[in-house]
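A.B. asks: Below: one structure in C-alpha cells.
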Amino acid sequence: MNLENSTSFVLRYGSVIGIIIVAMGLMAHLADISHSDTMMTAGILIIVLTPFAGMLVSFTSLSVNRERAYAVIALILIAITVIGMVVAFLLV
Amino acid sequence: MLGLIVIAMTAGLIGSLFGLGGGIIIVPVLTILYGMTAKDAAAVSLVAIVAISAVSASSLIKSRTANVRIGLKLETAAATGAIIGAIIALYVSSWVIAVSFAIVLIYSAIYMFMRPERVITPDDTSDSTPGNASDGTSDGNGVRDTADREERFTYHDTKTNEDIQYGVRNVRTGMIGFLAAGITSALSGVGGGTIKIPVMNVHMHIPMKAATATSSYVIGITAFSGAVVYLLGGILDIETAAVVVIGAFIGSLIGLRILTMIDASSMRRYFSILLIFLASVMLLNAGGFL
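Protein chains in written order, with the working numbering: chain A, 1 to 92; chain B, 1001 to 1290.
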C-alpha cells in the first residue's frame, strides 16, 4: 500500500464523485426537480470530507509500511483536526 | 450564474497553479458583487478551497511533486495555529492582523523576486543559515543536527522532464512558520498558502514546484474542518456553493494543465508578483477601501 498512490486515489475519486453529485443536483435544481438541495448537500459533504478520508488513508498506509514516525504524525494531525472542528463548532 | 462560474474558475486556476486556496478571490467577489455576508462568503470559499485542493493534490501527489510526509508534519503546526488563531480572533482587531500579514507577504515577495532559489542537492553539505545557530539545528561546529537535516526527496519535473532531488532543512523552525501561518489565516480569513509557500521555499529550501504542490495538498486539510462546521451548522448557501465548486473544479484542471508547461524559476517570479497583489488587496481591505 503505497502512501502517495493511496492518498492520491482517495483525493481523486472523493472529489470527482462529489463533483458529479453536485453537478447532477444543480441540474435538478435548475429543472425544478425535488430533492435537488439534498443531492447538492450530499455532493458537497463528500467533497468536504475527502481531505479527512485522505488523512485516514495516509495514516493507514504509513502504519502498514511501518513508517512509525510519520504514522504518529498523521495520527496527531487527525486528532488536532478533530479538536479544531469541535472548537470551530463552538465558536460559529 | 455564469459570471460566478467564471470567477470560481479563475480562483481554481490560480489556486492549483500556485498552491493557494483561491479564497482571496472568492470572498471579495461574493461579498462585494453578490452581497453575501463575510461569514456566508467564507463558508462557500472554504468548500471551494477543499475542492481545489483535492483535485490539484490528487494529481500532484501521484507525480510525487507534493510531499505528503513533509505536508503532514508541517500541517500539525498549522492546524494547531488555526485553533489558537480562532480563539485569539475573539479578542484581536482583524485589521491589525491583516496589516501585519500584508507586511509579511510584501517581504516574502521582494525576497523571492530578488534572490535566486536555493535547492539542497544530495552533495550539498553547507549550512543553509550561516552563522545562525539560534534555531537549534547547529551544534556549533558546523555540523547540523542530523534529525533536522536528513530529509531527502525527489520529484519529477514535467516541464524539464528530469528528476529533481532535494533536501529539506530547518523543519523545526519551518513548523514555527506554519504555526504562524495557521494563526494568521484563522485571524485574517485568508488561506495560509501565502505564508506556507515562502516558508517551505525560502527557509526550508523545498523547490518552488514541490512547495506549491505541497501547499495545494495541506490547504485542503486546513479548510475542511471549517467547511464541515459551516455545512453542518446550516450556514452554507448550498446553491452558491454548488456553482462555485463546479467552477473551481474546472479551473483547477486547467491550472494543473498549465503547471506542466511552466518552469520553476518563472513560477517563483509570478508568485512573488501575486503576493504583492494579494498584500495590496489586504491593505485596501484593512483600510476599508474594499
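Glycine included, each C-beta is placed from N, C-alpha and C at the ideal position.
These numbers were taken from a predicted model, which means no experiment stands behind them.
For Tyr1006 (chain B) and chain A, any beta-carbon pair shorter than 8 Å?
C.D. replies: The residue given as residue 1006 (chain B) occupies position 6 in the second sequence. Here residue 1006 (chain B) turns out to be Val, not Tyr, going by the sequence shown. No, its Cβ sits nowhere closer than 8 Å to a Cβ of chain A.
A.B. asks: Using a C-beta to C-beta distance shorter than 7 Å, which residues of chain B count as neighbours of Ala74 (chain A)?
C.D. replies: Taking the first sequence and counting its residues from 1, one reaches residue 74 (chain A) at position 74. The contacting residues are Leu1072.
A.B. asks: Considering only residues of the same chain and omitting the five flanking positions on each side of Ser58 (chain A), which have a CB-CB separation below 7 Å?
C.D. replies: Here residue 58 (chain A) refers to the residue found at position 58 when the first sequence is read from its first residue. If we look at Ser58 (chain A) and ignore the five residues flanking it on each side, its Cβ neighbours are Leu3, Thr7, Ala74.
A.B. asks: Tell me the DSSP secondary structure of Tyr1091 (chain B) in three-state form.
C.D. replies: Here residue 1091 (chain B) corresponds to residue number 91 of the second sequence, with the count starting at 1. Reduced to three states, the DSSP call for Tyr1091 (chain B) is coil.
A.B. asks: Regarding Thr1154 (chain B) and the ligand ATP, is the C-beta to nearest heavy atom distance less than 7 Å?
C.D. replies: Questions concerning the ligand ATP fall outside what the structure shown contains, since it holds no ligand whatsoever.
A.B. asks: Exposed or buried, which one is Phe1101 (chain B) when buried takes at least 16 other CB atoms within 10 Å?
C.D. replies: Start at 1 with the first residue of the second sequence, and residue 1101 (chain B) comes out as number 101. Phe1101 (chain B) is buried by the Cβ-count criterion.
A.B. asks: Do you know whose CA, among B:Thr1158, B:Ser1265, B:Ile1197, B:Ala1042, lies nearest Pro974 (chain B)'s CA?
C.D. replies: Outside the shown range of chain B, which is 1001 to 1290, sits residue 974 (chain B), and nothing can be said about it.
A.B. asks: Let me know if Phe1277 (chain B) comes out buried or exposed under the rule of 16 or more other beta-carbons within 10 Å of its beta-carbon.
C.D. replies: Your numbering for residue 1277 (chain B) matches position 277 in the second sequence. Exposed, by the Cβ-count rule.
A.B. asks: With contact counted as at least three CB pairs below 8 Å, one residue from each stretch, are the region 1220-1237 of chain B and the region 65-84 of chain A in contact?
C.D. replies: yes
A.B. asks: Once the 5 residues before and after Gly1245 (chain B) are set aside, which same chain residues still bring their CB inside 7 Å of it?
C.D. replies: Counting from one through the second sequence, the residue named residue 1245 (chain B) turns up at place 245. A small correction: the amino acid at residue 1245 (chain B) is Val; Gly does not occupy that position in the sequence shown. Same-chain partners within the cutoff: Val1047, Ala1048, Ala1051.
A.B. asks: Between the Cα of Tyr1111 (chain B) and those of B:Val1202, B:Leu1002, B:Ala1227, B:Leu1259, spot the shortest distance and give me the residue it belongs to.
C.D. replies: Translated into the one-based positions of the second sequence, residue 1111 (chain B) becomes position 111. Nearest C-alpha to Tyr1111 (chain B): B:Val1202.
A.B. asks: Since Ile44 (chain A) contacts Gly14 (chain A) with CB under 8 Å, what's their CB separation in whole angstroms?
C.D. replies: Counting from 1 along the first sequence, the entry for residue 44 (chain A) is found at position 44. Counting from 1 along the first sequence, the entry for residue 14 (chain A) is found at position 14. Ile44 (chain A) to Gly14 (chain A), Cβ: 12 Å. No contact.
A.B. asks: Taking 8 Å as the threshold, find out whether the region 1028-1047 of chain B comes into contact with the region 1225-1240 of chain B through three or more Cβ pairs.
C.D. replies: Yes: at least three Cβ pairs fall under 8 Å.
A.B. asks: If we cut at 8 Å on Cβ distances, does Glu1151 (chain B) have a partner in chain A?
C.D. replies: Stepping through the second sequence from its first residue, residue 1151 (chain B) is reached at position 151. So no, Glu1151 (chain B) is outside the interface.
A.B. asks: What residues from chain B crowd round Val48 (chain A), counting only those whose CB sits closer than 7 Å?
C.D. replies: For the purposes of this step, residue 48 (chain A) is identified with residue 48 of the first sequence, where counting begins at 1. The answer, in chain order, is Val1047, Val1050, Phe1224, Ala1227, Val1228, Leu1231.
A.B. asks: Name the residues in the region 3-31 of chain A whose C-beta lies less than 9 Å from a C-beta of chain B; which are they?
C.D. replies: Leu3, Glu4, Asn5, Thr7, Ser8, Phe9, Val10, Leu11, Arg12, Tyr13, Gly14, Ser15, Val16, Gly18, Ile19, Val22, Ala23, Gly25, Leu26, His29, Leu30
A.B. asks: Can a CB atom of chain A be found closer than 8 Å to the CB of Thr1080 (chain B)?
C.D. replies: In the second sequence, residue 1080 (chain B) corresponds to position 80, counting from 1. Answer yes: the Cβ-Cβ gap between Thr1080 (chain B) and chain A drops below 8 Å somewhere.
A.B. asks: Which residues mark the beginning and the end of the beta strand (DSSP E) in which Ile1262 (chain B) is found?
C.D. replies: In the second sequence, the residue the question calls residue 1262 (chain B) occupies position 262. Note, Ile1262 (chain B): premise wrong, no beta strand (DSSP E); not H, not E.
A.B. asks: Alpha carbon to alpha carbon, how far is Ala31 (chain A) from Ile1306 (chain B)? Give it in angstroms, no decimals.
C.D. replies: Absent from the model: residue 1306 (chain B). The displayed extent of chain B is 1001 to 1290, so no value can be given.
A.B. asks: Mind pulling the chain B residues with CB within less than 8 Å of Ile83 (chain A)?
C.D. replies: In the first sequence, residue 83 (chain A) corresponds to position 83, counting from 1. Here the neighbours are Ile1083.
A.B. asks: Check distances from the C-beta atoms of the region 1053-1065 of chain B to those of chain A and list, in chain order, the residues that come in under 8 Å.
C.D. replies: Ser1053, Ala1054, Val1055, Ala1057, Ser1058, Ser1059, Ile1061, Lys1062, Arg1064
A.B. asks: Is the region 1230-1237 of chain B touching the region 1064-1077 of chain B, taking contact as three or more C-beta pairs under 8 Å?
C.D. replies: no
A.B. asks: Under 8 Å, with one C-beta from each stretch per pair, do the region 10-25 of chain A and the region 1053-1060 of chain B reach the 3-pair mark?
C.D. replies: yes
A.B. asks: Beta-carbon within less than 6 Å of Asp1263 (chain B)'s beta-carbon, same chain only, minus the 5 sequence neighbours each way: which residues are those?
C.D. replies: Position 263 of the second sequence, counted from the start, is the residue given in the question as residue 1263 (chain B). So the list reads Lys1159, once near-sequence residues are dropped.
A.B. asks: Compare the beta carbon distance of Thr1212 (chain B) and Ile1197 (chain B) with 8 Å and say whether it is the shorter of the two.
C.D. replies: Residue numbering aside, residue 1212 (chain B) sits at position 212 when the second sequence is read from its first letter. Residue numbering aside, residue 1197 (chain B) sits at position 197 when the second sequence is read from its first letter. Yes, the Cβ-Cβ distance between Thr1212 (chain B) and Ile1197 (chain B) is below 8 Å.
A.B. asks: Using alpha carbons as the reference points, say which of B:Ala1008, B:Tyr1217, B:Thr1121 lies closest to Gly54 (chain A).
C.D. replies: Taking the first sequence and counting its residues from 1, one reaches residue 54 (chain A) at position 54. The candidate whose alpha carbon is nearest that of Gly54 (chain A) is B:Tyr1217.
A.B. asks: Can you grab the Cα-Cα spacing for the pair Ala1248 (chain B) / Asn1161 (chain B), in whole Å?
C.D. replies: As a first step, residue 1248 (chain B) is located in the second sequence; it is residue number 248 there, counting from the start. As a first step, residue 1161 (chain B) is located in the second sequence; it is residue number 161 there, counting from the start. If you take the alpha carbons of Ala1248 (chain B) and Asn1161 (chain B), they lie about 28 Å apart.
A.B. asks: Do Leu62 (chain A) and Ala1086 (chain B) have their C-beta atoms within less than 8 Å of each other?
C.D. replies: Sequence index remark: in the first sequence, residue 62 (chain A) carries index 62 (1-based). Sequence index remark: in the second sequence, residue 1086 (chain B) carries index 86 (1-based). No, they are not a contact pair.
A.B. asks: Of all the CB atoms in chain A, is at least one closer than 8 Å to the CB of Glu1162 (chain B)?
C.D. replies: Translated into the one-based positions of the second sequence, residue 1162 (chain B) becomes position 162. It does not; no Cβ of chain A falls within 8 Å.
A.B. asks: Determine whether the beta carbon atoms of Phe1153 (chain B) and Ala1077 (chain B) lie at a separation below 8 Å.
C.D. replies: Your numbering for residue 1153 (chain B) matches position 153 in the second sequence. Your numbering for residue 1077 (chain B) matches position 77 in the second sequence. No; because the gap between Cβ atoms is not below 8 Å, this pair is not in contact.
A.B. asks: Below 8 Å CB to CB, which residues in the same chain sit around Thr1031 (chain B) once its five sequence neighbours on both sides are set aside?
C.D. replies: Reading the second sequence from its first residue, position 31 is the one you call residue 1031 (chain B). Here the set comprises Thr1037, Ala1038, Ala1041.
A.B. asks: Show which residues of chain B have a CB atom less than 7 Å away from the CB atom of Ala88 (chain A).
C.D. replies: Translated into positions along the first sequence, residue 88 (chain A) becomes position 88. What Ala88 (chain A) touches in chain B: Ala1086, Ser1225, Gly1226, Val1229.
A.B. asks: Would you mind working out which of B:Glu1151, B:Gly1022, B:Ala1054 sits nearest His1205 (chain B), comparing C-alpha positions?
C.D. replies: As a first step, residue 1205 (chain B) must be located in the second sequence, where it is residue number 205. Per the Cα distances, B:Glu1151.
A.B. asks: At the 8 Å Cβ level, is Ile1176 (chain B) part of the contact set with chain A, yes or no?
C.D. replies: Translated into positions along the second sequence, residue 1176 (chain B) becomes position 176. No, no contact with chain A.
A.B. asks: Shorter than 8 Å from the beta carbon of Ile1246 (chain B) to some beta carbon of chain A?
C.D. replies: Here residue 1246 (chain B) refers to the residue found at position 246 when the second sequence is read from its first residue. Taking Cβ atoms only, chain A reaches closer than 8 Å to Ile1246 (chain B), which makes this a yes.
A.B. asks: Which of helix, strand or coil does DSSP assign to Asp32 (chain A)?
C.D. replies: For the purposes of this step, residue 32 (chain A) is taken as residue 32 along the first sequence, with counting starting at 1. Looking at Asp32 (chain A) - three-state DSSP - the assignment turns out to be coil, as it is neither helix nor strand.
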